[in-house]
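Protein chains in written order, with the working numbering: chain A, 10 to 121; chain B, 1253 to 1368.
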């Protein structure tokens, strides 16, 4: 049973527009949420994170929003660039453990 | 500093053969994780170690899979015998100890396994 869900396998966006990637989770004990980005033939790399005590974290073009009541988080990329085309994984950390639990990923395609 | 180093990058083998994947974590990291990526299941945790000791192996699919960490700078994931359904990309990741912080993992480039 998936504790972290990314229900959209893919997303296509035009360059300059906003990309919104969504993630839902089921476990209320998660204390940190992270987004990873993965290019083909490479390992995932850390992008941005948010603590469960916050509702927003911003880093340049990337902003993550957390809605704890809905158990939902989203990653906003503004403006989107062709180099953002990659697979984006949502991940969560359980308070009591140290392993990250990942969603299945969303493939973002940004066209110029 | 070098990142997480995995070998081989690609492995093609026949069903029934033994497969050994290797990982060198980042120096000073005391947690090591093995993940597997497939289209159907995404990135799933197989096993992780803390200070070379296995902590949680509940994600290991079955007895054909085993993992060891004989020292702080080396880990192996072994599949014996291998089956076509084991075809996937296997990632090793490492991180420093817990405490304050995001729990960010650093991943290797992965080992793509194809079992014919």
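Glycine included, every Cβ here is placed at the ideal spot set by N, Cα and C.
Of all residues in the stretch 1306–1324 of chain B, only 1308 place a beta-carbon less than 7 Å from a beta-carbon of chain A. Within 10 angstroms of the beta-carbon of residue 95 of chain A lie 16 or more other beta-carbons, which makes it buried. For the stretch 1296–1322 of chain B, not one full-length alpha helix (DSSP H) segment reaches 4 residues or more. For the pair of segments examined, the stretch 1316–1329 of chain B was found to touch the stretch 1280–1299 of chain B: the number of CB pairs separated by less than 8 Å reaches three.
Secondary-structure assignment with DSSP links residue 46 of chain A through a beta bridge to A:54 and A:97. Under the three-state reduction of DSSP output, residue 1280 of chain B falls in the coil class, being neither helix nor strand.
The beta carbon of residue 1288 of chain B is closer than 8 Å to those of 1295, 1296, 1298, 1340, 1341, 1342 and 1343 in its chain, skipping five residues each way along the sequence. For residue 1327 of chain B, same chain residues with a beta-carbon under 6 Å away, outside a window of 5 residues either side, are 1275, 1284 and 1321 in chain order. Of A:12, A:28, A:13 and A:19, the smallest CA-CA separation from residue 89 of chain A is found for A:28. The continuous beta strand (DSSP E) containing residue 1264 of chain B extends over residues 1262–1265. Cα atoms of residue 1268 of chain B and residue 74 of chain A: separation of roughly 47 Å, rounded to the nearest angstrom. Around residue 116 of chain A, the same chain offers 19 and 96 as residues with beta carbons nearer than 6 Å, after the five sequence neighbours per side are excluded.
According to DSSP, residue pairing for residue 102 of chain A in a beta bridge involves A:41 and A:109.
Nearest C-alpha to residue 37 of chain A among A:60, A:54 and A:86: A:60.
Collapsing the DSSP output to three states places residue 1362 of chain B in coil. For residue 109 of chain A, the C-beta contacts it makes with chain B under 7 Å involve 1355 and 1357, in order along the chain.
Against chain A, a Cβ distance below 8 Å from residue 1360 of chain B picks out 52. Per DSSP, residue 12 of chain A lies in no beta strand (DSSP E) segment and is marked neither H nor E. Closer than 8 Å to the CB of residue 1284 of chain B there is not a single CB belonging to chain A.
One finds 52 in chain A with Cβ atoms closer than 7 Å to the Cβ of residue 1343 of chain B, taken in chain order.
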